[in-house]
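For the sequence shown, the working numbering gives the first residue as 3, with consecutive numbering after it. Backbone N, C-alpha and C define an ideal beta-carbon position, used for all residues, glycine too. In what follows, a single structure is set out as structure tokens and then discussed.
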Amino acid sequence: MHLTKSRADDFLLSIFALAQDMGGGGELIFRGYDPEIQRLFYELQQLHQDSLDVLVYSESGPRPYSRILEEGMINLIFGGVLKSDTVGEYKQLTKAGYDFFKKEILPDLSQDELTELRKVSMDFLKYGQFK
């Protein structure tokens with residue numbers, strides 16, 4: 003998996019699964035309204051520009067927006083990798099999504115890619131909670 007060439011949903015799943023690993027156990031839950039996710043990943047991109055260049059942002063509107071990020075999140079929800087509460091406020095990584103990351107994505111990551119993703123995941127952890 004090359005980070006700059008990967009599908010956004012695989013890339014996002016990697017961040018969520020690694021964050022769950024580094025969170026000390028439990029299930030990762032995070033606020034997931036689209037404007038919040040857009041803001042969060044835009045801020046993360048400012049910290050990790052080389053790692054998050056897969057998420058292309060447009061700054062022509064009132065707020066930075068990444069269509070790639072939005073589509074990636076939708077794919078993860080429809081694919082059963084993330085589940086959402088009834089109002090869509092919170093997102094949670096599913097066991098199936100976590101298992102998919104471990105079996106299908108993790109083995110294809112180079113050590114450098116894994117290191118980069120872990121750095122992003124550590125910063126993402128500041129926004130998540132565990133139950």
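What did DSSP end up calling residue i once you bin it into helix, strand or coil?
i, result
"Leu108", "helix"
"Tyr59", "coil"
"Leu84", "strand"
"Gln51", "coil"
Please determine, among the options, the residue with the shortest C-alpha to C-alpha distance to residue i.
i, options, result
"Ile31", "Thr96, Val122, Pro109", "Thr96"
"Leu127", "Gly28, Pro109, Gly82", "Gly28"
"Tyr59", "Glu115, Ala10, Thr117", "Ala10"
"Gln40", "Pro66, Leu20, Gln113", "Pro66"
Locate the beta strand (DSSP E) running through residue i, then write down its first and last residues.
i, result
"Tyr129", "Neither: Tyr129 is in no beta strand (DSSP E) and is coded neither H nor E."
"Phe32", "30-33"
"Tyr92", "92-95"
Could you pull the DSSP bridge partners for residue i from this structure?
i, result
"Gln113", "Beta-bridge pairing links Gln113 to no other residue."
"Tyr44", "Answer by DSSP bridge pairing: none, since Tyr44 is not bridged."
Check for me: the alpha helix (DSSP H) holding residue i runs from which residue to which?
i, result
"Phe103", "It is not in any alpha helix (DSSP H) - Phe103 carries neither H nor E in the DSSP assignment."
"Ser16", "10-24"
Counting Cβ pairs closer than 8 Å, one from the segment 63-76 and one from the segment 35-51, do we hit at least three?
yes
Does the contact criterion of 3 or more C-beta pairs under 8 Å hold for the segment 110-127 versus the segment 13-20?
yes
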